[in-house]
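Residue numbers (my numbering): 804 to 973.
Every residue, glycine too, gets a C-beta built ideally from N, C-alpha and C.
Here the structure is a predicted model, which means the values were calculated and not measured.
Report on the structure given below.
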């Protein structure tokens, strides 16, 4: 199931969202943005554990129809009125999808010669190669039956975590 602490990337750094005013409308937007089905529960008080780093957003207000959290109103957190013990979380009805990750990677990938976006119908999978176990190695994507490497300069630990979960590697 898609569930966890809500984090956003700003200025190339991941950070959390404060749970002040966090509700089901906000959760619905996060679930939609991630391709994770419908909202089941809005979590407060760091239900999925406290995050670390910056708390980027506070007092988020969505009407529930937005396509992304960035389309909602919010305060950029610049005062110490929220702590990681107040990190927001979501539980959605679906399972984890790689499509949002693939869409983010495509901008970098097409510069590397990949002719079809990995989120198009031609995309069929990911794999790890040349590692010492099935859960480590170089990331490759299959497009039109041919495997190629990812060269995205913005690939980071959070992206790797999503792929590892998708591949059943934790």
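Looking only at its own chain, which residues have a Cβ that is under 6 Å from the Cβ of residue i, when we skip the five neighbours before and after it?
i: residue 863; result: 829, 875, 877
i: residue 827; result: 842, 845
i: residue 823; result: 861, 862
i: residue 867; result: 828, 831
i: residue 974; result: With the chain covering only 804 through 973, there is no way to say anything about residue 974.
i: residue 810; result: 817, 819
Could you check if residue i is buried or exposed, using at least 16 other CB atoms within 10 Å of its CB as the buried criterion?
i: residue 835; result: buried
i: residue 825; result: buried
i: residue 819; result: buried
i: residue 932; result: exposed
Here's a check: name, in chain order, each residue in its chain whose Cβ is nearer than 8 Å to the Cβ of residue i, leaving out the five neighbours to either side.
i: residue 929; result: 901, 942, 943, 944, 945, 966, 969, 970
i: residue 847; result: 822, 825, 889, 891, 892
May I ask which residues mark the beginning and end of the beta strand (DSSP E) holding residue i?
i: residue 843; result: 842-846
i: residue 806; result: 806-808
i: residue 818; result: 816-820
i: residue 877; result: 876-879
Could you tell me the alpha carbon to alpha carbon distance between residue i and residue j, rounded to whole angstroms?
i: residue 891; j: residue 938; result: 30 Å
i: residue 812; j: residue 855; result: 13 Å
i: residue 896; j: residue 838; result: 10 Å
i: residue 806; j: residue 884; result: 25 Å
i: residue 982; j: residue 858; result: Nothing can be reported for residue 982, as the shown portion of the chain is limited to 804 through 973.
i: residue 952; j: residue 935; result: 18 Å
i: residue 973; j: residue 964; result: 8 Å
i: residue 962; j: residue 817; result: 11 Å
i: residue 865; j: residue 960; result: 28 Å
i: residue 850; j: residue 886; result: 13 Å
i: residue 894; j: residue 853; result: 16 Å
Under DSSP, the alpha helix (DSSP H) around residue i begins and ends at which residues?
i: residue 964; result: 960-969
i: residue 830; result: 827-836
If you measure from the beta carbon of residue i to each beta carbon in chain B, is any gap under 8 Å?
i: residue 940; result: Here chain B cannot be found, since the structure has a single protein chain.
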